[in-house]
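Take the sequence shown: its position 39, counting from 1, is numbered 39 in full-length UniProt numbering, and each next residue is one higher. Everything below concerns the one structure shown next.
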Amino acid sequence: MFGLLPKLVVVEDDGSRKELLETSAIDTYLAESLGLAPGSTAFERAEAMSVLSAFRDLEDKVHTPLFLGTVEERKRGLEKAMSETVPKYLQYQERFVRGDWYFGTFGTKMTVADLKVYTLCLFIDDMLGSKNPIRVLAAEFPKLNRIIKTLEGGKAGEYAKARRDFGKFGFFL
């Protein structure tokens with residue numbers, strides 16, 4: 001379904017409209033427009049986009065078991081993803097956190113990468129509740145979990161709590 005979803009329509013000051021298609025293009029535009037892109041160099045911004053790309057890849061790996069044929073296959077596939085794949089990705093990502101945040105000015109400013117790890121955690125919370133490996137293995141990923149806790153306690157957390165009614169997949173709990 002190339003080109004159909006996702007889509008962002010940007011209305012310019014003069015009233016003209018522009019459309020962006022594809023997740024990475026939308027992420028990049030929003031990060032730049034909202035001041036969530038780290039640093040002042042192209043390399044620093046590309047580094048943040050690589051974090052987003054890695055987390056999108058992880059989301060795909062978490063989604064894959066949802067489409068397996070039987071409930072048992074889904075359970076086994078999701079258990080494997082949560083016990084093997086998620087911890088490997090988190091271990092790799094933990095090394096990029098600088099200071100209190102992913103990047104920013106020496107790790108002092110929230111970036112799009114911080115919001116991405118938070119939304120991934122919320123997605124897995126919705127599927128697995130208390131079995132979310134990001135939370136269960138929190139001691140192994142203290143930097144990532146510090147970001148999540150900080151966002152949960154602030155405006156991002158308030159926003160997410162008020163607007164998250166995605167339902168739960170009962171066969172995963």
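We put the beta carbon where it would ideally sit given N, CA and C, even for glycine.
- The residue among 15, 96 and 60 with its C-alpha nearest the C-alpha of residue 23 is 60.
- One thing to note: residue 37 has its Cβ within 7 Å of the Cβ of residue 31.
- The shortest C-alpha to C-alpha distance from residue 137 to any of 82, 55 and 19 is the one to 82.
- In this structure the region 133-151 does not touch the region 66-79; the number of beta carbon pairs closer than 8 Å is below three.
- When DSSP states are grouped into helix, strand and coil, residue 90 belongs to the helix group.
- Counting only residues of its own chain and dropping the five nearest sequence neighbours on each side, residue 121 has a CB closer than 8 Å to the CB of 132, 134, 135 and 148.
- The beta carbons of residue 19 and residue 11 sit no closer together than 7 Å.
- If you draw a straight line from the Cα of residue 128 to the Cα of residue 44, it is about 34 Å long.
- By a beta-carbon distance limit of 8 Å, residue 112 contacts residue 52. Their separation comes to about 6 Å.
- Judged by beta-carbon spacing, residue 89 lies within the 7 Å limit of residue 58, meaning their Cβ atoms are closer than that value.
- Per DSSP, the unbroken alpha helix (DSSP H) holding residue 59 starts and ends at 42-63.
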